[in-house]
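Trainee: Heads up: the sequence shown begins at 3 in my numbering, then just goes up one per residue.
Before I ask anything, here is the structure I am working with.
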Amino acid sequence: MHRFDDLDMKLLFELTKDGSISVPALSKKLGINASVLYSRIKRLMKKKLIKKFTVVIDDSLLGIGVKASVGVNRDPKFKDSIHKKLMETPEVVSISEVTGRFDIIVKVYAENLEALHSVVIEKIGKIEG
(Lines of atoms letter the chains of each structure in order from A and count residues from 1; the text may use other names and numbers.)
(Lines give C-alpha, C1' and ligand atoms only; values in the text may rest on other atoms or scores of the structure.)
Protein backbone atom coordinates (compact mmCIF):
# COMPACT_ATOMS: atom_id res chain seq x y z
CA MET A 1 0.00 0.00 0.00
CA HIS A 2 1.24 3.47 -0.91
CA ARG A 3 1.47 6.33 1.57
CA PHE A 4 -0.21 9.61 0.71
CA ASP A 5 0.24 12.86 2.62
CA ASP A 6 -2.19 15.69 3.35
CA LEU A 7 -1.31 17.51 0.14
CA ASP A 8 -2.08 14.40 -1.91
CA MET A 9 -5.45 14.10 -0.16
CA LYS A 10 -6.29 17.79 -0.70
CA LEU A 11 -5.25 17.49 -4.33
CA LEU A 12 -7.42 14.41 -4.83
CA PHE A 13 -10.37 16.10 -3.12
CA GLU A 14 -10.14 19.13 -5.42
CA LEU A 15 -9.71 17.00 -8.55
CA THR A 16 -12.73 14.93 -7.55
CA LYS A 17 -14.81 18.10 -7.39
CA ASP A 18 -13.50 19.44 -10.71
CA GLY A 19 -11.21 17.26 -12.81
CA SER A 20 -10.96 19.96 -15.48
CA ILE A 21 -9.39 22.59 -13.21
CA SER A 22 -6.10 23.88 -14.59
CA VAL A 23 -2.85 23.28 -12.72
CA PRO A 24 -2.28 27.05 -12.24
CA ALA A 25 -5.79 27.53 -10.81
CA LEU A 26 -5.40 24.50 -8.56
CA SER A 27 -1.97 25.65 -7.38
CA LYS A 28 -3.47 29.01 -6.35
CA LYS A 29 -6.33 27.28 -4.58
CA LEU A 30 -4.01 24.98 -2.63
CA GLY A 31 -1.20 27.53 -2.21
CA ILE A 32 1.36 25.23 -3.84
CA ASN A 33 3.86 25.93 -6.65
CA ALA A 34 2.38 24.83 -10.01
CA SER A 35 5.41 22.71 -10.98
CA VAL A 36 5.28 20.89 -7.63
CA LEU A 37 1.56 20.30 -8.09
CA TYR A 38 2.06 19.03 -11.65
CA SER A 39 4.70 16.58 -10.37
CA ARG A 40 2.30 15.40 -7.66
CA ILE A 41 -0.44 14.74 -10.19
CA LYS A 42 1.96 12.79 -12.43
CA ARG A 43 3.16 10.76 -9.42
CA LEU A 44 -0.41 9.92 -8.40
CA MET A 45 -1.14 8.83 -11.97
CA LYS A 46 2.03 6.71 -12.10
CA LYS A 47 1.00 5.02 -8.83
CA LYS A 48 -2.41 4.47 -10.45
CA LEU A 49 -4.30 6.27 -7.69
CA ILE A 50 -5.60 8.57 -10.41
CA LYS A 51 -6.75 6.21 -13.15
CA LYS A 52 -8.17 8.75 -15.57
CA PHE A 53 -9.83 12.12 -15.93
CA THR A 54 -13.37 11.93 -17.23
CA VAL A 55 -16.47 13.95 -18.07
CA VAL A 56 -19.88 13.85 -16.38
CA ILE A 57 -22.62 14.68 -18.85
CA ASP A 58 -25.95 16.30 -17.98
CA ASP A 59 -28.23 13.77 -19.67
CA SER A 60 -31.27 16.04 -19.40
CA LEU A 61 -29.64 18.48 -21.84
CA LEU A 62 -29.49 15.61 -24.34
CA GLY A 63 -33.18 14.86 -23.83
CA ILE A 64 -32.56 11.79 -21.66
CA GLY A 65 -34.98 11.86 -18.75
CA VAL A 66 -35.17 8.14 -18.00
CA LYS A 67 -32.59 5.35 -17.85
CA ALA A 68 -33.72 1.77 -17.40
CA SER A 69 -32.25 -1.70 -17.19
CA VAL A 70 -34.67 -4.04 -18.93
CA GLY A 71 -34.51 -7.78 -18.28
CA VAL A 72 -35.09 -9.92 -21.38
CA ASN A 73 -35.44 -13.67 -21.86
CA ARG A 74 -34.53 -14.99 -25.28
CA ASP A 75 -34.43 -18.17 -27.29
CA PRO A 76 -30.74 -19.16 -27.64
CA LYS A 77 -31.33 -19.91 -31.35
CA PHE A 78 -32.02 -16.22 -31.98
CA LYS A 79 -29.14 -14.84 -29.90
CA ASP A 80 -27.23 -13.17 -32.75
CA SER A 81 -30.27 -11.74 -34.54
CA ILE A 82 -31.71 -10.38 -31.27
CA HIS A 83 -28.39 -8.76 -30.40
CA LYS A 84 -28.17 -7.19 -33.87
CA LYS A 85 -31.72 -5.83 -33.73
CA LEU A 86 -31.27 -4.48 -30.22
CA MET A 87 -28.08 -2.65 -31.21
CA GLU A 88 -29.92 -1.13 -34.18
CA THR A 89 -32.41 0.40 -31.73
CA PRO A 90 -31.18 3.97 -31.03
CA GLU A 91 -32.42 3.99 -27.43
CA VAL A 92 -30.45 0.85 -26.54
CA VAL A 93 -27.14 1.84 -24.97
CA SER A 94 -25.75 -1.56 -23.95
CA ILE A 95 -26.54 -5.25 -23.69
CA SER A 96 -25.19 -7.47 -20.92
CA GLU A 97 -25.49 -11.23 -20.65
CA VAL A 98 -26.49 -12.28 -17.15
CA THR A 99 -27.39 -15.36 -15.17
CA GLY A 100 -30.54 -15.79 -13.17
CA ARG A 101 -34.07 -14.78 -14.03
CA PHE A 102 -33.18 -13.04 -17.31
CA ASP A 103 -30.81 -13.94 -20.14
CA ILE A 104 -29.78 -10.37 -20.95
CA ILE A 105 -30.13 -6.91 -19.45
CA VAL A 106 -30.69 -4.14 -21.97
CA LYS A 107 -29.81 -0.61 -20.88
CA VAL A 108 -32.26 1.84 -22.42
CA TYR A 109 -32.21 5.66 -22.40
CA ALA A 110 -35.43 7.52 -23.20
CA GLU A 111 -36.87 11.01 -23.00
CA ASN A 112 -39.59 10.09 -20.49
CA LEU A 113 -41.56 7.12 -19.12
CA GLU A 114 -43.97 7.13 -22.05
CA ALA A 115 -41.09 6.94 -24.53
CA LEU A 116 -39.46 4.19 -22.45
CA HIS A 117 -42.70 2.20 -22.46
CA SER A 118 -42.90 2.62 -26.23
CA VAL A 119 -39.34 1.36 -26.72
CA VAL A 120 -39.90 -1.67 -24.49
CA ILE A 121 -43.29 -2.64 -25.96
CA GLU A 122 -43.06 -1.48 -29.58
CA LYS A 123 -39.39 -2.11 -30.32
CA ILE A 124 -37.77 -4.57 -27.91
CA GLY A 125 -40.96 -6.56 -27.30
CA LYS A 126 -41.53 -7.13 -31.02
CA ILE A 127 -38.11 -8.62 -31.74
CA GLU A 128 -38.50 -12.29 -32.67
CA GLY A 129 -36.99 -14.77 -30.25
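Using N, Cα and C, we set each Cβ at its ideal position, and we do this for glycine too.
With 16 other CB atoms within 10 Å as the buried threshold, where does ARG103 fall?
Mentor: Exposed, since its Cβ has fewer than 16 Cβ neighbours within 10 Å.
Trainee: Quick one: Cα of LYS50 to Cα of ILE123, how far?
Mentor: The alpha-carbon atoms of LYS50 and ILE123 are separated by roughly 44 Å.
Trainee: Along the beta strand (DSSP E) that carries VAL68, what are the first and last residues, could you check?
Mentor: Here the beta strand (DSSP E) through VAL68 covers 68 to 74.
Trainee: Do GLU93 and VAL110 have their beta-carbon atoms positioned less than 9 Å apart in this structure?
Mentor: Contact flag set, yes.
Trainee: Pop quiz: ALA112 and VAL68 are said to be a contact at Cβ under 8 Å. What is the actual Cβ separation, rounded to whole angstroms?
Mentor: Contact holds; Cβ gap of about 5 Å.
Trainee: In whole angstroms, what separates the C-alpha of GLY131 from that of SER98?
Mentor: Cα to Cα, the separation comes out at about 17 Å.
Trainee: Between the stretch 9 to 21 and the stretch 39 to 54, do at least 3 Cβ pairs fall closer than 8 Å?
Mentor: They touch, by the three-pair rule.
Trainee: Have a look at SER37, SER83, LYS48, ILE23 and flag the residue whose alpha-carbon is nearest the alpha-carbon of HIS4.
Mentor: Out of SER37, SER83, LYS48, ILE23, LYS48 has the C-alpha closest to the C-alpha of HIS4.
Trainee: How about GLY73 and VAL100: do their beta carbons lie closer than 9 Å?
Mentor: Yes, they are a contact pair.
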